[in-house]
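S.K.:
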Amino acid sequence: MIQIKMRIQKDDTVAVVVDIQERLLPHIFHWEQTLQNCLKLIDGLQVLSVPMIVTQQYTKGLGNTDPSIVNKITGFSHIEKTTFSCCGESAFKEKISSLGKKYIILCGIETHVCVMQTCIDLLEEGYIPFVVEDCVSSRKPNDKEIAIERMRQEGARITTLESILFELTQISGTETFKLISKIVK
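For the sequence shown, the positions run 2 to 186 when the numbering used here is used.
1) Is it right to say Asp12 is buried, meaning 16 or more other beta carbons lie within 10 angstroms of its own, or is it exposed?
2) Apart from the five residues just before and just after Asp67, which ones in its own chain have a Cβ nearer than 8 angstroms to its Cβ?
3) Would you kindly report the start and end of the unbroken beta strand (DSSP E) that includes Arg158?
4) To the nearest angstrom, how far is it from the Cα of Phe85 to the Cα of Tyr59?
5) In the DSSP assignment, what are the bridge partners of Met53?
6) Between which two residues does the alpha helix (DSSP H) harbouring Leu46 extend?
7) Within 9 angstroms of any Cβ in chain C, is that where the Cβ of Leu26 sits?
8) Under a three-way DSSP split, which group does Ile106 fall into?
9) Nearest-angstrom Cα distance between Thr170 and Val51?
Following this line, the structure appears as structure tokens:
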């Protein structure tokens, strides 16, 4: 039996930015704060050299990924999907499999639809998802709250932006630590 560490390990991690799109984002509860938190998370993950996968749900209807995210991610590209779960898209499954990581950081919208279904499918596939609670949201706060609880019950790890970045950083006093500290302040 493989022993799985409870703490996330930077070298065995990939992040998934789920459907933060122009036409959907303004309808999301506390969308400005959610977006700012996601941008900080992306900054920190880039400092830590954690690879990222970005998805777009039905671009024709929901628009492109928010420009602030497009401009933030070095070498931006996205995976188009029409299934709610990212795992329902073969290009996503191929990409995540090719990276060979077991820890998956999830951020994006909507918590109770695409994020939750992706999280549950990742668990079923044997991955260990970490849902960054302050980097996900839904149109209705109750939908987010119930989805977070459901993902926790299914076995996902629930964390926060600052917590996940410092957990990945592991050591204080380094140049990486200083950069991460500036990002989370």
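Glycine included, C-beta positions come from ideal geometry on N, C-alpha and C.
M.R.: Taking the geometry as given:
1) exposed
2) Ile21, Gln22, Glu23, Leu26, Leu36
3) 158-160
4) 10 angstroms
5) Ala16
6) 32-48
7) Going by chain labels, chain C is absent from the structure shown, which holds only one protein chain.
8) strand
9) 11 angstroms
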